[in-house]
Each structure stands twice: as C-alpha cells, then as structure tokens.
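Student:
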Amino acid sequence: MATEAVTHPTYGNWRRPRRPGLGPLGLIGTVGVFGGLVVVLLASLISLAAAVVVLVPLVLVLAPLALRTQDGRNLYQL
Numbered sequence: 037m038a039t040e041a042v043t044h045p046t047y048g049n050w051r052r053p054r055r056p057g058l059g060p061l062g063l064i065g066t067v068g069v070f071g072g073l074v075v076v077l078l079a080s081l082i083s084l085a086a087a088v089v090v091l092v093p094l095v096l097v098l099a100p101l102a103l104r105t106q107d108g109r110n111l112y113q114l
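Note that my numbering gives residue 82 to position 46 of the sequence shown, counting from 1, and the numbers run on in steps of one.
(1) Just to confirm the assignment, what range does the alpha helix (DSSP H) spanning residue 100 have?
(2) In chain order, what residues of the same chain lie with their CB nearer than 7 angstroms to the CB of residue 90, ignoring the 5 residues before and after it?
(3) Report the CB separation of residue 60 from residue 87 in whole angstroms; it is logged as a contact under 8 angstroms.
(4) Just checking my contact of residue 111 with residue 100 at CB under 8 angstroms: how many whole Å lie between their CB atoms?
(5) Measuring only the C-alpha atoms, how far is residue 44 from residue 73?
(6) Kindly list the residues whose CB is nearer than 6 angstroms to the CB of residue 116, restricted to its own chain and excluding five residues on each side of it in sequence; keep chain order.
(7) Do the CB positions of residue 58 and residue 66 come within less than 7 angstroms of each other?
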C-alpha cells in the first residue's frame, strides 16, 4: 500500500501580518510613545526646559524602535 501525502492548495499572496501599533512602531513602542507624551506634558507644566530634558532621552530610546531592517526587525534586535 502506497501512502500519498494529501496536499491542500495554497493560494499565494502570502504577506507578513501587520504589527499592532502606530506606523513602524510595535505595541511596546506605541505604549512608550503615549506614556512618554504624558510625562512630557506633565513636565511642561513645570517648565519648558524640564519638558525638553524629558523629551530628548525619550526620543533617543524610542527612535531605534521605529527604524526597521529589511526583514522587519528593529535596531534593538540586531
């Protein structure tokens, strides 16, 4: 008795599913952006200089999450 593997047709158009989040950011990056914006807004109630002091490190931490390689990994995953 010969057994043949049953193959089901695949119809192509295979695409990588979209990640949840804003633009190139994933879920963690989006939560970081919204949380950081809240902290920056609270710091801006104190002074503009305090808001800038909070904003600059936030941008430096979240920018590598927005940059993606050809295979979809961010710069922290390299």
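Yeah, the Cβ is synthetic: ideal placement off N, Cα and C, and Gly gets one too.
Small disclaimer: the values here were computed from a predicted structure and weren't measured.
Tutor: Quick answer:
(1) Unbroken alpha helix (DSSP H) run through residue 100: 84–102.
(2) Excluding positions up to five away in sequence, the list reads 75, 76 and 79.
(3) By a beta-carbon distance limit of 8 angstroms, residue 60 does not contact residue 87. Their separation comes to about 25 angstroms.
(4) Indeed, because the Cβ distance is near 4 angstroms, the residues count as touching under 8 angstroms.
(5) If you take the alpha carbons of residue 44 and residue 73, they lie about 49 angstroms apart.
(6) What the structure shows of the chain is the stretch from 37 to 114, and residue 116 is not part of that stretch, so it cannot be assessed.
(7) It is a contact, given that the beta carbons lie within the stated cut-off.
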